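Peer 1:
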Amino acid sequence: MRKHLKILEYALSSLWRRKFKSLGIIAVFSLIIFTLSSILLLTYAFKREAMEVLRGAPELIVQRISAGRHEMIPSWYGKRIQEIPGVGMVIPRYWGYYYDPSTGGNYTVMAAAGRGDRKLEMLSGKYPPAGGEVVVGKGVAESRFLSEGSRIPIKGSDGQVRNFIVAGIFTDESSLLTNDLIIMSLMDFRDVFKTGNERATDLVVQVFNPDEVENVARKIREIFPDTRPITRKEILRTYDTLFDWRSGMVLTMFGGALLAFIILAWDKAAGLSAEERHEIGILKAIGWETSDIMELRFWEGFVTSSVSFLTGLIGGYLHIFFFGASIFAPALKGWSVIFPSFRLLPYLNPYQVVVLMFLTVIPYMAATIFPSWKAAITDPDVVMRG
Amino acid sequence: MTNDTIIRAENLSLCINRGRPNEVWPVRDVSLQIKRGEVVVLKGPSGSGKTSLLSLLGCMSRPTEGRILVHGRDVAKLPERFLTEIRRKRFGFIFQQFNLIPGISVRENVMLPLYPVDISFREMRERADSLMDRLGLSGRSHFRVKGLSGGEQQRVAIARALVNDPEVIFADEPTAHLDTKLSSDLVGILEGLKKEGRTILIATHDPLLYEQGFIDRVLEMRDGSIR
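So the sequences go chain by chain: H and D. Count along the first sequence starting at 1, add 300, and that's the number in our numbering. Count along the second sequence starting at 1, add 2, and that's the number in our numbering.
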């Protein structure tokens, strides 16, 4: 035991002796870990956030499809769906998108009547809005410089501009759900988008027994072949895939830079300098065994990679959960002009940490130990002359 | 082989780059015996094979042909870790270029052979301090070796060679980088080590060393052989 502690002590002294090289490797290595851990933590945090939001989402939504595209659904579909055994209420929802040329933002417009599934917190003003009024998300308010009582012009499908009064603004807390939202009365919604009185965007179907959701969906498809029932499970799966795809895309984007860094770190770690080879020769000549030199290099690699790993991981953690993931968030959140500003819930997945460690620390240690092993198994005489 | 014989070499040859156009034989068919307490000098011009023979006898390289017996045991074909153990427990080395590790202190350099040995840090420090004291280096223990004079570096190398209390000391051209005064000091140290009963093997072409009275035998080398 004493022997191992003494070799560890010598390893620390060696690292300190080559402090500029050691710090250089630690800096580069930390940056790699920082990038990888940021992407992993952010992807995972987004998934969790999305799952959290979708937990309150309806079990089953029914949309109408025409030529493979989403179409407004006639309200009477709901009445027929309600007759299916096990189905509770069927609530029509009214929503759509509105492109605002002045900000370049794409807003989600909803009718107040259709949004009874979730309680939303208001920053100021009142909810629901009356006729001629709207309640907007924080992102909309910021991009249009709106406050309670301001006016917001919205151009309808008939080309006519209608001026709405901002009756309320949602809070930051609900920003993930409401950031790009404009809520107006059902009457105004129908007037702006000219959807007619008998058609909704989709239908929320309440199913009493969650195990029966798939069966109900199947029955709806049988009755109305032109509909697409979407279960919450499917939405969750889609989000999962979406964030995996986005994190993969970001990793690919940073792949080149990462590779360059890895090659640099590998070169620095793996390449033994003439001075290091000479030192190995001296140590062997004066009685250090090959295993002692391996142990020395193991400790050096372990200390370097552990310090880098912890620095990178803590940096990534702070970056994601305390500095709003400023570097990677735009790519992972999406392409919308108005991003929701929200603080992700700090969480560290032990499985991801272990995987990250195996992908970075172990290869690094192998890269440092192998060349030393090659130098250490040579006769010390050759090493010292060479 | 008598009990007094520590090292015995039989028909020792060393070939470098065997089978290639640049093949050389620095040591050819050398046989010799080193007895306990003897001071033996390998004398000869540069390239005569002194350092290569010293390296073979010190178990730092393996012969191409022949046998090396240390206390009667043929070590030439032993696995590497046995050779390392012999070097760590029985031999001490003073190299021509000193081969100290720059960047660490004098004391750490002296203690280097003891890191893989299962003794405490305290004992390591005590042994190193005692030797540094004896060699006039006590005031230098925290200095970096880079800042020392040639003579001081030489004494650090000697202290390092002695810290594991070796039976045999191998010195390769120990006066090569020293002036006359420092060489005389070294002679005094080596003479003291002989008086302690140490066996010393020196490779040198410096008459100041091989003409000393405490030298028991001088073996002249040329073209890899002993004349």
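For glycine and all other residues, C-beta sits at the position ideal for the given N, C-alpha and C. Because the structure is a prediction, the values reported are computed rather than measured.
Rounded to the nearest angstrom, what separates residue 222 (chain D) and residue 122 (chain D) at their Cα positions?
Peer 2: Computed Cα separation, rounded: 43 Å.
Peer 1: Provide the residue(s) that pair with residue 363 (chain H) in DSSP beta bridges, ordered along the chain.
Peer 2: According to DSSP, which records beta bridges pairwise, residue 363 (chain H) is partnered with H:528.
Peer 1: Within 8 Å (strictly less), CB to CB, does residue 640 (chain H) reach chain D?
Peer 2: Interpretation of residue 640 (chain H) is limited by its pLDDT of 49, a score under 50 that renders its predicted location unreliable; the figure taken from the coordinates is listed afterwards. Output row for residue 640 (chain H): interface = no.
Peer 1: Which bits of chain A does residue 313 (chain H) rub up against, with CB to CB less than 8 Å?
Peer 2: Of the protein chains in the structure, H and D, none is chain A.
Peer 1: Taking the CB atoms as reference points, tell me whether residue 706 (chain H) and residue 462 (chain H) lie closer together than 8 Å.
Peer 2: It is not possible to answer for residue 706 (chain H), since the shown part of chain H is limited to 301 through 686.
Peer 1: With distances taken between CB atoms, is the gap from residue 325 (chain H) to residue 609 (chain H) smaller than 8 Å?
Peer 2: Not closer than 8 Å, so no.
Peer 1: Reducing DSSP to helix, strand and coil, say where residue 156 (chain D) ends up.
Peer 2: Note: residue 156 (chain D) maps to helix in three-state DSSP.
Peer 1: Residue 97 (chain D) to residue 192 (chain D), Cα distance in whole Å?
Peer 2: Taking the straight line joining both Cα atoms gives about 14 Å.
Peer 1: Report the option in D:54, D:115, D:190, D:11 whose CA atom is closest to the CA atom of residue 236 (chain D).
Peer 2: No answer is possible for residue 236 (chain D): the residues shown for chain D start at 3 and end at 229.
Peer 1: Which value, in whole angstroms, describes the spacing of the CA atoms of residue 75 (chain D) and residue 6 (chain D)?
Peer 2: About 14 Å.
Peer 1: Going by DSSP, what residues sit across from residue 98 (chain D) in a beta bridge?
Peer 2: Answer is none; residue 98 (chain D) lacks a bridge partner.
Peer 1: To which residues does DSSP link residue 173 (chain D) through a beta bridge?
Peer 2: In DSSP, residue 173 (chain D) forms a bridge with D:96, D:204.
Peer 1: Count the other CB atoms within 10 Å of the CB of residue 182 (chain D); is the residue buried (16 or more) or exposed (fewer)?
Peer 2: The residue in question, residue 182 (chain D), is exposed, as its Cβ has fewer than 16 Cβ neighbours within 10 Å.
Peer 1: Ignore the nearest five residues each way along the sequence and tell me which others in residue 595 (chain H)'s own chain have a CB closer than 6 Å to its CB.
Peer 2: Only 307 meet the Cβ criterion.
Peer 1: Tell whether a beta-carbon distance below 8 Å holds between residue 482 (chain H) and residue 513 (chain H).
Peer 2: No, these two residues do not count as a Cβ contact at 8 Å.
Peer 1: To the nearest angstrom, report how far apart residue 230 (chain D) and residue 612 (chain H) are at their CA atoms.
Peer 2: It is not possible to answer for residue 230 (chain D), since the shown part of chain D is limited to 3 through 229.
Peer 1: What does residue 117 (chain D) reach in chain H if we use C-beta pairs closer than 9 Å?
Peer 2: Per Cβ cutoff of 9 Å: 303, 306, 307, 309, 310, 583, 588, 592, 596.
Peer 1: Who pairs with residue 434 (chain H) in a beta bridge, going by DSSP?
Peer 2: According to DSSP, which records beta bridges pairwise, residue 434 (chain H) is partnered with H:466, H:484.
Peer 1: Sort H:348, H:390, H:660, H:364 by Cα distance to residue 358 (chain H) and report the nearest one.
Peer 2: The shortest C-alpha separation from residue 358 (chain H) is found at H:390.
Peer 1: Relative to the alpha-carbon of residue 485 (chain H), which residue among H:323, H:646, H:428 has its alpha-carbon at the smallest distance?
Peer 2: That would be H:428, whose Cα lies nearest to the Cα of residue 485 (chain H).
Peer 1: In angstroms, rounded to a whole number, what distance separates the CA positions of residue 537 (chain H) and residue 466 (chain H)?
Peer 2: Cα-Cα distance, rounded: 36 Å.
Peer 1: Measure the alpha-carbon distance for residue 545 (chain H) versus residue 349 (chain H) and round it to whole angstroms.
Peer 2: Whole-angstrom Cα-Cα distance: 17 Å.
Peer 1: Mark residue 618 (chain H) as exposed unless 16 or more other C-beta atoms lie within 10 angstroms of its C-beta, in which case mark it buried.
Peer 2: Classification of residue 618 (chain H): exposed, given that the 10 Å Cβ count is below 16.
Peer 1: Quick one: Cα of residue 140 (chain D) to Cα of residue 105 (chain D), how far?
Peer 2: Those two C-alpha atoms are separated by around 18 Å.
Peer 1: Between the alpha carbons of residue 394 (chain H) and residue 443 (chain H), how many angstroms are there, rounded?
Peer 2: Computed Cα separation, rounded: 24 Å.
Peer 1: Check the Cβ of residue 166 (chain D) against every Cβ in chain H and list those closer than 9 Å, keeping chain order.
Peer 2: By Cβ distance, chain H contributes 586, 587.
Peer 1: Residue range of the beta strand (DSSP E) that residue 9 (chain D) falls in?
Peer 2: Taken as a continuous stretch (DSSP letters only), the beta strand (DSSP E) holding residue 9 (chain D) covers 7 to 18.
Peer 1: Anything in chain D within Cβ reach of residue 317 (chain H), meaning under 8 Å, just list it in chain order.
Peer 2: Those are 105, 106, listed as they occur along chain D.
Peer 1: On the three-state DSSP scale, how would you describe residue 460 (chain H)?
Peer 2: The answer is coil: DSSP assigns residue 460 (chain H) none of H, G, I, E or B.
Peer 1: For the stretch 44 to 113 of chain D, list the beta strand (DSSP E) runs that are entirely contained and at least 3 residues long, ordered along the chain.
Peer 2: The stretch 44 to 113 of chain D contains these whole beta strand (DSSP E) runs: 67 to 72, 93 to 96.
Peer 1: Under a CB-based cut-off of 8 Å, is residue 579 (chain H) close to chain D?
Peer 2: Yes - at least one Cβ of chain D is within 8 Å of the one on residue 579 (chain H).
Peer 1: By DSSP, does residue 146 (chain D) sit in helix, in strand, or in coil?
Peer 2: DSSP places residue 146 (chain D) in strand when its eight states are reduced to three.
Peer 1: Is residue 42 (chain D) near the ligand SAM, going by C-beta to nearest heavy atom under 7 Å?
Peer 2: In terms of ligand content, the structure shown is empty, and the ligand SAM therefore cannot be addressed.
Peer 1: Which of helix, strand or coil does DSSP assign to residue 506 (chain H)?
Peer 2: Strand.
Peer 1: Three or more beta-carbon pairs under 8 Å between the stretch 580 to 593 of chain H and the stretch 660 to 676 of chain H, yes or no?
Peer 2: The stretch 580 to 593 of chain H is in contact with the stretch 660 to 676 of chain H.
Peer 1: With 8 Å as the threshold, decide whether the Cβ of residue 22 (chain D) is near any Cβ in chain H.
Peer 2: It does not; no Cβ of chain H falls within 8 Å.
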